[in-house]
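Report on one structure; see the data block that follows.
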Amino acid sequence: MTIDERMLKELGVKDVDALFVDIPMEVRKEGLDLRNGLDEYEVVREVREMLSSDLNSEKAPCFLGAGIYDHFIPAAVKSIIMRSEFITSYTPYEAEISQGMLHSMFEYQSLVSELTAMDVVNSSNYDASTALGEAATMCHRILPKKKFLIPEAMSWEKKSVLRNYLWGPQLEAVEYAYDPYTGGIDLNDLADKADEDVCGLYAEVPNFFGTIDPAALELKKRFPNIPLVIGVDPISLGILTPPGEYGADIVIGEGQSLGSSMNFGGPLLGIFACKKEHVRKMPGRLIGMTRDNTGERAFCMTLQTREQHIRRSKATSNICTNEALMAVAAAVYLSVVGPKGLKAIAKANISNARDLIEKIDGLDGFDAPVFKAYHFNEFVVRTSVRPEKLNKHLARKSIIGGLDLSRHIPRMNEHMLFTTTEVHSEADHDRLVAALKEVA
Amino acid sequence: MYRQARYDTKTVFELGGGSDPCIRLKGELQDIAPESMMRKGLCLPETPEREVIKHYVNLSQRNFSVDNGLYPLGSCTMKYNPKFADALSSLPSVASIHPYQDEDTVQGAMQLLHRLEGMLCAISDMDAVTLQPAAGAQGEFTGMLIAKAYHRANGQDRIEVVIPDSAHGTNPASAAMAGYGVLEIPSNADGCVDIEALKGAVSHKTAAFMITNPNTLGIFEDQIREIADIVHDAGALLYYDGANFNAILGMTSPGRMNFDIMHFNLHKTFATPHGGGGPGAGPVGVRKHLEKYLPVPRVVEQGGKYRFDYDRPESIGKVRAFHGNFAVLVRAYAYILRHGGDGLKEISQAAVLNSNYLKSKLVVEYEMPYRPLRKHEFVISARKQAKERNVKALDIAKRLLDFGYMSPTIYFPSLVEEALMIEPTESETKETLDQFAETLIRIAREDPDVIHAAPNNTSVGRVDELYAARELILTWKDYLAKTKVKKESG
Chain A
727 MTIDERMLKE
737 LGVKDVDALF
747 VDIPMEVRKE
757 GLDLRNGLDE
767 YEVVREVREM
777 LSSDLNSEKA
787 PCFLGAGIYD
797 HFIPAAVKSI
807 IMRSEFITSY
817 TPYEAEISQG
827 MLHSMFEYQS
837 LVSELTAMDV
847 VNSSNYDAST
857 ALGEAATMCH
867 RILPKKKFLI
877 PEAMSWEKKS
887 VLRNYLWGPQ
897 LEAVEYAYDP
907 YTGGIDLNDL
917 ADKADEDVCG
927 LYAEVPNFFG
937 TIDPAALELK
947 KRFPNIPLVI
957 GVDPISLGIL
967 TPPGEYGADI
977 VIGEGQSLGS
987 SMNFGGPLLG
997 IFACKKEHVR
1007 KMPGRLIGMT
1017 RDNTGERAFC
1027 MTLQTREQHI
1037 RRSKATSNIC
1047 TNEALMAVAA
1057 AVYLSVVGPK
1067 GLKAIAKANI
1077 SNARDLIEKI
1087 DGLDGFDAPV
1097 FKAYHFNEFV
1107 VRTSVRPEKL
1117 NKHLARKSII
1127 GGLDLSRHIP
1137 RMNEHMLFTT
1147 TEVHSEADHD
1157 RLVAALKEVA
Chain B
3 MYRQARYDTK
13 TVFELGGGSD
23 PCIRLKGELQ
33 DIAPESMMRK
43 GLCLPETPER
53 EVIKHYVNLS
63 QRNFSVDNGL
73 YPLGSCTMKY
83 NPKFADALSS
93 LPSVASIHPY
103 QDEDTVQGAM
113 QLLHRLEGML
123 CAISDMDAVT
133 LQPAAGAQGE
143 FTGMLIAKAY
153 HRANGQDRIE
163 VVIPDSAHGT
173 NPASAAMAGY
183 GVLEIPSNAD
193 GCVDIEALKG
203 AVSHKTAAFM
213 ITNPNTLGIF
223 EDQIREIADI
233 VHDAGALLYY
243 DGANFNAILG
253 MTSPGRMNFD
263 IMHFNLHKTF
273 ATPHGGGGPG
283 AGPVGVRKHL
293 EKYLPVPRVV
303 EQGGKYRFDY
313 DRPESIGKVR
323 AFHGNFAVLV
333 RAYAYILRHG
343 GDGLKEISQA
353 AVLNSNYLKS
363 KLVVEYEMPY
373 RPLRKHEFVI
383 SARKQAKERN
393 VKALDIAKRL
403 LDFGYMSPTI
413 YFPSLVEEAL
423 MIEPTESETK
433 ETLDQFAETL
443 IRIAREDPDV
453 IHAAPNNTSV
463 GRVDELYAAR
473 ELILTWKDYL
483 AKTKVKKESG
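So the protein lines, in turn, are chains A and B.
Residues in the first sequence are numbered consecutively from 727, following this note's numbering.
Residues in the second sequence are numbered consecutively from 3, following this note's numbering.
Printed below as a string of structure tokens:
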């Protein structure tokens, strides 16, 4: 960066320090304790080298999931979201010159609305965990009671994030049990806990164990007065009944599967949808279709009076920066694969999971799936080998193994969650199984 | 003269033609899921990839970005986003790693996180940094939760957060989300924190005072140490909103100003692209006494090996899943490496020079209340133009679009009437600034009718926001329902 002397001269100051005289000496800092700058090629070389020995899913099949998935991303998605006009723009405050982003966001809202069968979709939250946090506080705005019901079978990260979102409004997360045989919702336990202090009920389809539990269809019938929040894997909606058809008031989900990379866990895409009657209680940005002064179709941000820049401390959320570019990726993804493609991808996930379940279950020392249910693309395996030891062995064989479940469900200390998607070949499965065989 | 692309405004639902084959299944799958859970219909668009690409490329051409031209949106620091950082974030070793991988298999990624934390500590003079928050506002929320944890550990029930009236809207919203009552204090005649009002506002109930420095007028709050003392004497914490950090790199720091907690906006100060609204990244820095409350896991180094430490009993837990927006963090890391200590300081110097230079060109025509010396941004007023010629800040903003400029932030901060908040950043040349200044001055002298008719050179003319709020067409399905009703009634 060079200081343009011409501007200093026109300002009539000797040097740039004259523009910093308002910073008192007592708070001055004498430069930065960092290395000197590098040339571009040096930076690129250094970062590449630093990361070069890490294992990634392009050189090792990855059998991890639990919210982040290694799905196929059509090249078309990246070619669109890396376009300067999208990636280097800001929030579309000036609608007339930002129609591209607004129009794309409207399409994202429309596509996810179709996918979930919900009326309204915001143009993104940070990720599924924060979307759940916002869904819980939104339930409290709909029904001002103090308890929010969540499944015990849920990622510990989501539980932890949720507790932080509940801390401010002093709500309590209450866990209901899973059925030890099917891994699904224990409806009796849920009924016990669904008392008159409950402001919302959350369930996931597929759930944390990868099972497709038809009990989700019963929730609104059984508990009609409690706002129902359903967490989805959007890919599974290529084939599964959308939550809007079984009474969900709010739908959240992790949209990373729709055209975004795993990125070590971020950026992600928090899907957030709701019924129209709740729209004014909803967090986040909404894009509406409108017209310009000549009557031409146009788009703009709308219902902004819910948002922090207008309503400040009375806003429905503090969210400002969101995951807009990942929402564009999702829109392009869904448009490219189309309805038949999404259905085929969902089927391929189910089919691959079945293949891998069968192969792992055939090994001595492994039991899969632990839960007797339909599975989507992941399933629980009981193993006689410590999961950590198993994963280290797999890593040596250039395989990214499954998830140790004990951090999430402490009593599941000999259980792992294995995930497979449409990108996993039969050869990948066979490699995993051969490697598992060596340690069993 | 600027002309933005105009195409027809069809949505992806109106393209047609049928999808390309996606994946071919080996054989038909039976008994897929419980019968009751099988989806009946799915109305996604069916159109070939060729049409999808054409559609979105054309849409992109109807979107203005930093790579198109000057984007002087105040408080948003829309600087140039270097391409090498994007290229690095696309490496498989960034994009294709899973957050639950065994630590042995992601030592490089963990080293990057650890080093970036160290760099941000050096830049801010904070003692520890978490990279977890997804955006600036989430950083604020995280900071407020840390304040809660700290006061709770001290057995104190502090229920209020004090904020100047010139603060970004996220500040009060984040404090409220954390369960705090918000007390806004007015600015003084200089546009700075009113020391007496602050003294009157803080008490044993105050959890924190949130402030950005330089403030949203671009004025450096030179009484910051006194402010810090007042806040600390009341037992409260001082929170630094890092949105305006681009003004002070290497010159001063939140640590030197005695802040306790802060957030960075990597998508502002450290040049990561803002993606049309996101993703961003909002790391949070704290002083030593607050480190134990930071979110888990912490990346720790032992004998050259990195591991995630989850065993932090006083931690607030998590504010989002996983380790932060890694692909954004990689870009910021690369940006800091590229510029180094001296380079970052020069960035702030150039940003402040550009801002003061541009301001000097504009005060000839526009009023600028409060003191003349500004940092990275400044706020002019169209009060005179509004009064004399009925040309409001909004009109000027819209007219600017016709010349191929993004407009400044308008009507913020609210203590300036008809505010236009301008932040040119260090990325722009004198030639660009001169031309922009000439344009703003030309507009001030232009026929008001021409201005009121603007914009004309953008993809669409002035957009009807009231219609959008009234009709509430939020999806393609809404649109179809409205047109159907209209057809039936017509």
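Heads up, the beta-carbon is just placed ideally off N, CA and C, and yes, glycines get one too.
Predicted, not measured: the structure shown is a model, and the values here were computed from it.
State the start and end residues of the unbroken beta strand (DSSP E) segment that holds residue i.
{"i": "B:Y241", "result": "L239 to G244"}
{"i": "A:L902", "result": "A small fix is needed here, since residue 902 of chain A is Tyr in this sequence, not Leu. Start and end: E898 to Y902."}
{"i": "A:P877", "result": "K873 to P877"}
{"i": "B:A209", "result": "T208 to I213"}
{"i": "B:G287", "result": "V286 to V288"}
{"i": "A:C1000", "result": "G996 to C1000"}
{"i": "A:F1144", "result": "H1141 to T1145"}
What residues in its chain sit with their C-beta under 7 angstroms from that of residue i, if we drop five residues either side in the sequence?
{"i": "B:N173", "result": "E142, I165, M212 and D243"}
{"i": "A:E883", "result": "S855"}
{"i": "B:E162", "result": "Y182, G183, L185, K207, T208 and A209"}
{"i": "A:S830", "result": "V1054 and A1057"}
Can you tell which of the options has the C-alpha that lies nearest to the C-alpha of residue i?
{"i": "B:E119", "options": "B:E316, B:I318 and B:G287", "result": "B:G287"}
{"i": "A:V900", "options": "A:P906, A:A929, A:K1001 and A:Y907", "result": "A:A929"}
{"i": "A:R867", "options": "A:R1032, A:D1156 and A:K1073", "result": "A:R1032"}
{"i": "A:V1058", "options": "A:I806, A:A920 and A:P877", "result": "A:I806"}
{"i": "B:P297", "options": "B:Q304, B:G305, B:F310 and B:E303", "result": "B:F310"}
{"i": "B:T144", "options": "B:A230, B:A238 and B:Y295", "result": "B:Y295"}
{"i": "B:E293", "options": "B:K307, B:P315, B:G305 and B:G282", "result": "B:P315"}
{"i": "B:L331", "options": "B:E369, B:K28 and B:T271", "result": "B:T271"}
{"i": "A:A1056", "options": "A:R761, A:E775 and A:L841", "result": "A:L841"}
{"i": "A:N718", "options": "B:K81, B:Q113, B:S62 and B:A323", "result": "No statement about residue 718 of chain A is possible, as the shown extent of chain A runs from 727 to 1166 and does not include it."}
{"i": "B:C78", "options": "B:E16, B:R464, B:E367 and B:G282", "result": "B:G282"}
{"i": "A:M733", "options": "B:D397, B:T431, B:T13 and B:N215", "result": "B:T431"}
{"i": "B:V354", "options": "B:A336, B:K377, B:Q225 and B:G342", "result": "B:K377"}
{"i": "A:M1052", "options": "A:F789, A:D853, A:G791 and A:D759", "result": "A:D853"}
Which residues in chain A have a C-beta closer than 8 angstroms to the C-beta of residue i? List them in chain order.
{"i": "B:L147", "result": "N890 and W893"}
Hey, could you find the ends of the alpha helix (DSSP H) residue i is sitting in?
{"i": "B:D231", "result": "I226 to D235"}
{"i": "B:I338", "result": "F328 to L364"}
{"i": "B:E425", "result": "Taken as a continuous stretch (DSSP letters only), B:E425 belongs to no alpha helix (DSSP H), as it is neither H nor E."}
{"i": "B:Y295", "result": "Taken as a continuous stretch (DSSP letters only), B:Y295 belongs to no alpha helix (DSSP H), as it is neither H nor E."}
{"i": "A:C1026", "result": "Where A:C1026 is concerned, there is no enclosing alpha helix (DSSP H), although the beta strand (DSSP E) it sits in stretches over R1023 to T1028."}
{"i": "B:Q158", "result": "Element bounds for B:Q158: n/a, residue is neither H nor E."}
{"i": "B:Y469", "result": "E467 to E473"}
{"i": "B:C123", "result": "Q109 to S126"}
Does the distance between the C-beta of residue i and the nearest non-hydrogen atom of the ligand HEM fall short of 7 angstroms?
{"i": "B:I453", "result": "In terms of ligand content, the structure shown is empty, and the ligand HEM therefore cannot be addressed."}
Against residue i, what residues of chain D qualify as contacts under a CB-to-CB distance less than 7 angstroms, listed in chain order?
{"i": "B:N83", "result": "Although the question refers to chain D, the structure presented lacks it and instead comprises the protein chains A and B."}
Within a Cβ cutoff of 8 angstroms, which residues of the same chain sit near residue i, ignoring the five residues on either side of it in sequence?
{"i": "A:K1066", "result": "none"}
{"i": "A:L897", "result": "A862, T863, H866, K872, K873, F874 and C925"}
{"i": "B:E1", "result": "Since the displayed chain B opens at 3 and closes at 492, residue 1 of chain B lies outside it and no answer follows."}
{"i": "A:E772", "result": "L764"}
{"i": "B:E223", "result": "C194, V195, I213, N215, P216, N217 and I229"}
{"i": "A:K947", "result": "G973"}
Name the chain B residues whose beta carbon is nearer than 7 angstroms to that of residue i?
{"i": "A:Y852", "result": "A136, A137, Q140 and R322"}
{"i": "A:M1052", "result": "P281"}
Name, please, each residue of chain B whose Cβ falls closer than 8 angstroms to the Cβ of residue i.
{"i": "A:C865", "result": "The premise fails here: A:C865 is roughly 15 angstroms from chain B at the closest Cβ pair, so nothing lies under 8 angstroms."}
By Cβ distance below 6 angstroms, which residues in the same chain neighbour residue i in space, the five residues on each side in sequence not counted?
{"i": "B:M121", "result": "I338"}
{"i": "B:L20", "result": "This sequence places Gly at residue 20 of chain B; Leu is not what is there. Counting only Cβ-Cβ distances below 6 angstroms, and skipping sequence neighbours, we find E48."}
Going along chain B in order, which residues have a C-beta closer than 9 angstroms to the C-beta of residue i?
{"i": "A:C788", "result": "S98, I99, H100 and Q103"}
{"i": "A:D730", "result": "A352, L355, N356, Y359, T431 and K432"}
Using 8 angstroms as the Cβ pair cut-off and three pairs as the minimum, do the region 52-68 of chain B and the region 727-747 of chain A touch?
Not touching, per the Cβ criterion.
So does the region 416-436 of chain B actually touch the region 772-785 of chain A, counting three or more Cβ pairs closer than 8 angstroms?
No, the region 416-436 of chain B is not in contact with the region 772-785 of chain A.
Any 3 or more C-beta pairs closer than 8 angstroms across the region 937-953 of chain A and the region 969-980 of chain A
Between the region 937-953 of chain A and the region 969-980 of chain A there are three or more inter-stretch CB-CB distances shorter than 8 angstroms, so the stretches are counted as touching.
Below 8 angstroms, how does it come out for the region 1032-1049 of chain A and the region 154-171 of chain B: are there three or more Cβ pairs, yes or no?
Flag = yes, the region 1032-1049 of chain A and the region 154-171 of chain B touch.
Could you tell me whether the region 105-115 of chain B touches the region 435-444 of chain B, using the rule of 3 or more Cβ pairs below 8 angstroms?
Flag = no, the region 105-115 of chain B and the region 435-444 of chain B do not touch.
Any contact of the region 957-965 of chain A with the region 1067-1074 of chain A, i.e. 3+ C-beta pairs under 8 angstroms?
In short, these stretches touch, since the Cβ pair count reaches three.
Examine the Cβ distances between the region 831-850 of chain A and the region 978-997 of chain A and report whether three or more of them are shorter than 8 angstroms.
In this structure the region 831-850 of chain A lies against the region 978-997 of chain A, because at least three pairs of beta carbons, one per stretch, are closer than 8 angstroms.
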